[in-house]
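S.K.: Sequential numbering of the sequence shown, starting at 44, is according to this note's numbering.
Don't be surprised by glycine CBs; every beta carbon is placed ideally from N, CA and C.
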Amino acid sequence: MDKFVDYFMNPTSPWTYLGHARLREICARHNASIRVKPIDVGARVFPVSGGLPLAKRAPQRQAYRLVELERWRGLLGVSLNLRPKHFPTPADEACRLIIAADQLHGEGSAMKLAEHLMRAIWAEERDIADTHTLRAIVHECGLPVDTLYHQIPQTHQVFDANTQEAIDRGVFGVPWYVYRDEPYWGQDRLEFLERALAEA
44 MDKFVDYFMN PTSPWTYLGH ARLREICARH NASIRVKPID VGARVFPVSG
94 GLPLAKRAPQ RQAYRLVELE RWRGLLGVSL NLRPKHFPTP ADEACRLIIA
144 ADQLHGEGSA MKLAEHLMRA IWAEERDIAD THTLRAIVHE CGLPVDTLYH
194 QIPQTHQVFD ANTQEAIDRG VFGVPWYVYR DEPYWGQDRL EFLERALAEA
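Shown next as structure tokens:
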């Protein structure tokens, strides 16, 4: 049986960034394909799932989030700014470009672009809400900039559908992975996902 992991994500999430490369490695080890599904977390998923944007969370939760990010940054050896210059920032256009890359060039290109977009926020102090920055990142990935931008009108429905699918499947945060209808929330659940992939 073919193996597929549904990957609900948003490039503004540091946790998605911390898990992204490891997800690719795990799925490659177990011959699993990744269905990349960028979603609108802040405007659509949080309101129906009890989540809150970072600025509206209690100070205790905001403080502990920084502790955990620093721990994981150190454990994984990943370059990550705890308080990046361009966060929070709108990411709808970035999400649609990931979808466009997937539609036109497949999973590998979509995952590569997503990685570059997340690194831009969390390690490079770049603003992925800025179109000039986005175009530069697409170019750096070796993807055809104008072609991807021409594809954006074809991605709106997919972005909306991904988000509604996430809501319907009980997603309340990102990253969220689903394998054979079993959900795994957070990059700290990747070990469990790998165990499930290894058993199949």
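(1) Tell me the rounded alpha-carbon separation between A106 and R126.
(2) Taking the beta strand (DSSP E) that E167 falls in, what are its first and last residues?
(3) Since V79 and A179 are thought to touch, with beta carbons under 8 Å apart, how far apart are those beta carbons, to the nearest angstrom?
(4) Within the continuous alpha helix (DSSP H) that includes P226, where are the two ends?
(5) My understanding is that L236 touches I69, with C-beta atoms under 8 Å, so please give their C-beta distance in whole angstroms.
(6) Could you pull out every residue in the same chain whose Cβ sits closer than 7 Å to the Cβ of P133, ignoring the five residues on either side in sequence?
(7) Just the Cα atoms here: how many angstroms apart are L160 and L61?
(8) Please list, in chain order, all residues of the same chain as H182 whose beta carbon is under 8 Å from its beta carbon, the five residues on each side excluded.
(9) Cβ atoms of L95 and F89: under 8 Å apart, would you say?
(10) Counting along the chain, where does the beta strand (DSSP E) carrying I77 start and finish?
M.R.: Inspection of the coordinates gives the following:
(1) Locating residue 106 in the sequence shown gives position 63, counting from the first residue. Locating residue 126 in the sequence shown gives position 83, counting from the first residue. One C-alpha to the other measures close to 12 Å.
(2) Against the sequence shown, residue 167 aligns to sequence position 124. For E167, no beta strand (DSSP E) segment is defined, and its DSSP state is neither H nor E.
(3) By 1-based counting over the sequence shown, the position of residue 79 is 36. By 1-based counting over the sequence shown, the position of residue 179 is 136. With a contact defined as Cβ atoms closer than 8 Å, V79 and A179 miss out at about 21 Å.
(4) Residue 226 sits at position 183 when you count from the first residue of the sequence shown. For P226, no alpha helix (DSSP H) run applies; the uninterrupted beta strand (DSSP E) run containing it begins and ends at E225 to W228, by DSSP.
(5) Within the sequence shown, the letter at position 193 stands for residue 236. Within the sequence shown, the letter at position 26 stands for residue 69. 7 Å between Cβ atoms; contact.
(6) As a position in the sequence shown, residue 133 is number 90, starting the count at 1. So the list reads A172, once near-sequence residues are dropped.
(7) Numbered from 1 along the sequence shown, position 117 holds the residue referred to as residue 160. Numbered from 1 along the sequence shown, position 18 holds the residue referred to as residue 61. The alpha-carbon atoms of L160 and L61 are separated by roughly 13 Å.
(8) Counting from 1 along the sequence shown, the entry for residue 182 is found at position 139. Same-chain partners within the cutoff: V188.
(9) Residue mapping note: residue 89 aligns to position 46 of the sequence shown, counting from 1. Residue mapping note: residue 95 aligns to position 52 of the sequence shown, counting from 1. By the CB criterion at 8 Å, F89 and L95 fall inside the cutoff.
(10) Numbered from its first residue, the sequence shown carries residue 77 at position 34. Where I77 is concerned, the enclosing beta strand (DSSP E) starts and stops at A75 to P81.
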